[in-house]
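*Asks:* Residue numbers (our numbering): 7 to 185. Ideal Cβ positions, reconstructed from N, Cα and C, are used throughout, including at glycine.
#1: Let me check one thing: in DSSP terms, what residues is residue 44 bridge-paired to?
#2: Can you tell me the Cα-Cα spacing of residue 72 and residue 97, whole angstroms?
#3: How about residue 84 and residue 112: do their beta carbons lie closer than 8 Å?
#4: Quick check on residue 65: does DSSP put it in helix, strand or coil?
#5: On the CB-based measure, 16 or more other CB atoms within 10 Å of its CB, does residue 35 come out buried or exposed?
#6: Are three or more beta carbon pairs between the region 118-127 and the region 165-180 nearer than 8 Å?
#7: Does the separation of the CB atoms of residue 100 and residue 136 fall below 8 Å?
#8: Is residue 47 buried or exposed, if buried means 16 or more other CB atoms sit within 10 Å of its CB?
#9: Let me know the secondary structure DSSP gives residue 3 once reduced to three states.
#10: Determine the direct distance from the alpha carbon of residue 58 to that of residue 155, and round the result to whole angstroms.
#11: Looking at the strands, I want to know which residues DSSP matches up with residue 2.
#12: Take residue 24 as the anchor and find which of 33, 32, 14 has the nearest alpha-carbon.
#13: Would you mind working out which of 65, 66, 43 sits nearest residue 55, comparing C-alpha positions?
#14: Can you tell me where the alpha helix (DSSP H) with residue 32 in it begins and where it stops?
#15: When you compare the CB positions of residue 38 and residue 76, do they come within less than 8 Å of one another, or not?
#16: If we call anything under 8 Å between Cβ atoms a contact, is residue 91 one with residue 45?
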């Protein structure tokens, strides 16, 4: 990933020197949530819906987010100057998950060109929320280790990527893309 813009708690930061404390529980424990939004000419696609989901995911972990107004401004700032951008909003519980405050990292990067076709390996995804009762499975949390293991499995088998299959046999999504 080549980030063009990085904001940490709203502060414009050089992407080459951006840093968070090593004690941040999002980094150490994966205790955080995220959203990814496409933006064209500085306008984030369906941002209110993405912020709704970010709020739901954060509430599941007991993380109090900054205002929607701030998150909206930071997303627009991250997309600024990038004709077709991918905006990532990562929220960790910060240095102390019980007392806060959270840490918000918003990045903007040029969108990758779309491939004409992909060879996908179907991979069973028992960790996915498909039919599961545990509420936290429905949150977009930081740990994507299972998803990256699926990509690795697909590439080792000669495929471009994986497509995740739920307990019911239903196609769910890709490890890092929607279907």
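*Replies:* Checking against the coordinates, here is how it stands:
#1: Here residue 44 refers to the residue found at position 38 when the chain shown is read from its first residue. Note: residue 44 sits in a beta bridge opposite 92.
#2: In the chain shown, residue 72 corresponds to position 66, counting from 1. In the chain shown, residue 97 corresponds to position 91, counting from 1. Spanning the two alpha carbons is a distance of roughly 10 Å.
#3: As a first step, residue 84 is located in the chain shown; it is residue number 78 there, counting from the start. As a first step, residue 112 is located in the chain shown; it is residue number 106 there, counting from the start. Taking the C-beta atoms as reference points, residue 112 is found nearer than 8 Å to residue 84.
#4: Counting from one through the chain shown, the residue named residue 65 turns up at place 59. Of the three classes helix, strand and coil, the one that applies to residue 65 here is helix, per DSSP.
#5: Within the chain shown, residue 35 is the residue found at index 29, counting from 1. Exposure of residue 35 is indicated by the presence of fewer than 16 other C-beta atoms within 10 angstroms of its C-beta.
#6: They touch, by the three-pair rule.
#7: Taking the first residue of the chain shown as 1, we reach residue 100 at position 94. Taking the first residue of the chain shown as 1, we reach residue 136 at position 130. In this structure, the beta-carbon distance from residue 100 to residue 136 does not fall below 8 Å.
#8: If you number the chain shown from 1, residue 47 lands on position 41. The residue is exposed, with fewer than 16 neighbouring Cβ atoms inside 10 Å.
#9: This structure cannot speak to residue 3, because the chain is shown only from 7 to 185.
#10: Locating residue 155 in the chain shown gives position 149, where the first residue counts as 1. Locating residue 58 in the chain shown gives position 52, where the first residue counts as 1. Distance between the alpha carbons of residue 155 and residue 58: 28 Å.
#11: It is not possible to answer for residue 2, since the shown part of the chain is limited to 7 through 185.
#12: By 1-based counting over the chain shown, the position of residue 24 is 18. Checking every option, the nearest Cα to that of residue 24 belongs to 14.
#13: Residue numbering aside, residue 55 sits at position 49 when the chain shown is read from its first letter. With distances taken between Cα atoms, residue 55 lies closest to 43.
#14: Locating residue 32 in the chain shown gives position 26, counting from the first residue. Here the alpha helix (DSSP H) through residue 32 covers 31-35.
#15: Numbered from 1 along the chain shown, position 32 holds the residue referred to as residue 38. Numbered from 1 along the chain shown, position 70 holds the residue referred to as residue 76. Note that the C-beta distance between residue 38 and residue 76 is not below 8 Å.
#16: Your numbering for residue 91 matches position 85 in the chain shown. Your numbering for residue 45 matches position 39 in the chain shown. Cβ distance < 8 Å, so residue 91 and residue 45 count as in contact.
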